[in-house]
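Asks: Its first residue numbered 1287, the sequence shown is counted upward by one per residue in the numbering used here. Questions regarding the structure given below will be posed in turn.
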Amino acid sequence: MANQPRKMSEIMKEMSERLLRNPDGIPSAEAAHVALMFANIAWNETVGLDHPRNGYRSAWETIEAENPEMWSEFKSNKVNAMIDELVQFKKQHFPDDQRRILSCGIPDGKVRVEWLPEVAAGVDSKWEMNLYGLVKTGEREKAIQFLMETRRMSRNDAAKKVADVAAGLGIS
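Structure representation (structure tokens):
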């Protein structure tokens, strides 16, 4: 049997804990969520999904507003340096793992990661992630419009593709 890749949830947990002063302790919910967000950003950057980091700033600032003391749980408050550290960690420890993270969070106290396999040859990864993201967030009509505009599909064909993507994600 071929070697199965590690569970993404385990990898994300390991990466996020690297940022904490006490990685074996129990962080606040806010620190855990922000550390996981930074791990997600770093991972996706290494597989070519380089959304500007500042695009996530409002998310961690919203979380920070709930618990401004969360930064004391981190080894640093230099966000870019922490993400850079995780980028290097991913490159060193998982250089061949090209899975792409679609969503990552901590529902019910457990890290949960939804991912897509390595992008197929000839497929625009950012385009595909955009499509899957729209479907994942329930924006099916926007996903249909996206396909009609970017792939010049008929409404019928676009709706079928969106249904296929939803089924692949386990969404009915």
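Cβ coordinates follow ideal geometry from the N, Cα and C atoms, glycine included. Since the structure is predicted, the reported quantities are computational estimates derived from the model, not experimental observations.
Check whether the region 1308-1320 and the region 1348-1361 are in contact - that is, three or more C-beta pairs closer than 8 Å.
Replies: yes
Asks: Put K1432 into one of helix, strand or coil per three-state DSSP.
Replies: By 1-based counting over the sequence shown, the position of residue 1432 is 146. A small fix is needed here, since residue 1432 is Phe in this sequence, not Lys. DSSP places F1432 in helix when its eight states are reduced to three.
Asks: Excluding five sequence neighbours on each side, which residues of the same chain lie with their C-beta closer than 7 Å to the C-beta of M1287?
Replies: As a first step, residue 1287 is located in the sequence shown; it is residue number 1 there, counting from the start. The predicted model places M1287 with a pLDDT of 46, which falls under 50 and marks its position as unreliable, so this point remains unresolved.
Asks: Return the Cβ separation of I1327 and I1369 in integer angstroms, given the expectation that the two are a contact with Cβ distance under 8 Å.
Replies: As a first step, residue 1327 must be located in the sequence shown, where it is residue number 41. As a first step, residue 1369 must be located in the sequence shown, where it is residue number 83. About 6 Å separates the two Cβ atoms, so the contact holds.
Asks: If you measure between the beta carbons of L1335 and M1298, is that distance less than 9 Å?
Replies: Start at 1 with the first residue of the sequence shown, and residue 1335 comes out as number 49. Start at 1 with the first residue of the sequence shown, and residue 1298 comes out as number 12. It is not a contact, given that the beta carbons lie outside the stated cut-off.
Asks: List the residues that DSSP assigns as beta-bridge partners of L1401.
Replies: Sequence index remark: in the sequence shown, residue 1401 carries index 115 (1-based). Looking at the sequence shown, residue 1401 is not Leu but Trp. Bridge partners of W1401: I1387.
Asks: Going by the beta-carbon positions, is the gap between E1400 and L1388 smaller than 9 Å?
Replies: Looking up residue 1400 in the sequence shown gives position 114. Looking up residue 1388 in the sequence shown gives position 102. Yes, they are a contact pair.
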